[in-house]
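Residues 5 to 259 in my numbering are what the sequence shown spells out, letter by letter. Note that beta-carbon positions come from the ideal geometry of N, C-alpha and C, so glycine has one too. Written below as structure tokens is the structure these notes are about.
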Amino acid sequence: MVRSLLIRGMLIGILAGLLASGFAWVFGEPQVDAAIAYEESHAAAAAPAPSAAPATSQPAAAHEHEQEDPVSRPVQSSYGLMTGMVAYGAALGGIFALVFAFAQGRIGTLSPRATAGLIALVGFAAIMLVPQIKYPATPPAVGNPDTIGLRTAFYFGMILLSLATMAAALGTANRLAASLGRWNANLVGAAAYLVVMVIAMQILPAVNDIPADFSATVLWKFRIASLGIHAVLWATLGIAFGVAAQRLVQTSASR
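Okay, structure coming up:
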């Protein structure tokens with residue numbers, strides 16, 4: 005059963021990655037192009053006048069620029085984007101299937117479809133939505149390059165904290181279900197998760213190094229697109245895997 009779920013999870017993850025890459029190409033890539041254009045315009049403005057640079061340095065500078073972009077932007081925004089999203093989707097789909105195999109039957113009397121939907125909703129909230137409230141996505145080529153490592157560490161730390169808190173909240177809800185009832189126990193678990201995450205957001209430092217003259221519209225559209233990409237990914241996993249798991253469980257039960 006677990007092997008069958010894992011295979012289905014990875015295949016559905018590939019489908020989810022394809023759909024998410026299509027969404028990213030339509031809604032996300034224009035904002036990335038705008039951010040790159042902004043960075044290039046500022047780099048050109050900060051560059052010294054042509055007369056100030058020795059003529060002998062021009063070929064070297066051109067060669068240096070060519071080496072900076074070994075993969076062209078059109079390839080990055082099409083095949084590169086699709087390859088990355090498909091690989092990520094397959095890995096996430098496999099993990100999703102393993103979590104489903106563990107959770108099915110352990111969180112009340114939910115059907116396989118409902119269990120998959122709940123896992124997708126909880127996963128999207130814990131891994132994407134809540135961490136991005138504190139550390140929202142930033143377009144590439146925008147921001148202080150010296151703080152990339154710090155921003156990445158804070159963001160992944162927020163994800164780990166959110167996942168650990170969500171797991172603890174779900175465990176608490178399961179333990180309280182017998183005494184409080186499933187609905188009240190779930191409310192207690194959700195409240196505990198929210199309290200911990202709100203406190204964490206207040207304690208953790210903010211990182212905001214977006215240039216003041218960067219387009220607020222582009223930034224907003226990029227962040228909405230970032231959430232939308234993952235919403236498509238998680239929704240596809242929750243819906244499609246739920247259907248596949250439901251059929252698999254029914255087929256196994258009829259044998």
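In this structure, the beta-carbon distance from A101 to G13 falls below 8 angstroms.
Classified as buried, Y139 has 16 or more neighbouring CB atoms from the shown chains inside 10 Å of its CB. Counting only the Cα atoms, G185 lies some 45 angstroms from V30.
When the Cα atoms are used, A182 and T119 turn out to be separated by approximately 19 angstroms. Within the same chain, P143, V222, K225, F226 and A229 come within 7 angstroms of Q35 by CB-CB distance, once the 5 residues on both sides are set aside. With the rule of 3 Cβ pairs closer than 8 angstroms, the stretch 158 to 168 counts as touching the stretch 207 to 220. In this structure T240 is buried. Its beta-carbon is surrounded by 16 or more other beta-carbon atoms within 10 angstroms.
Sequence-distant partners of G242 (beyond 5 residues in either direction) whose C-beta falls short of 6 angstroms from its own C-beta, in its chain, are A120, G121 and A124. Sequence-distant partners of A38 (beyond 5 residues in either direction) whose C-beta falls short of 6 angstroms from its own C-beta, in its chain, are V222. For the pair L19 and F245, the Cα-to-Cα distance works out to about 11 angstroms.
In the displayed model, A141 falls within coil according to three-state DSSP, outside both helix and strand.
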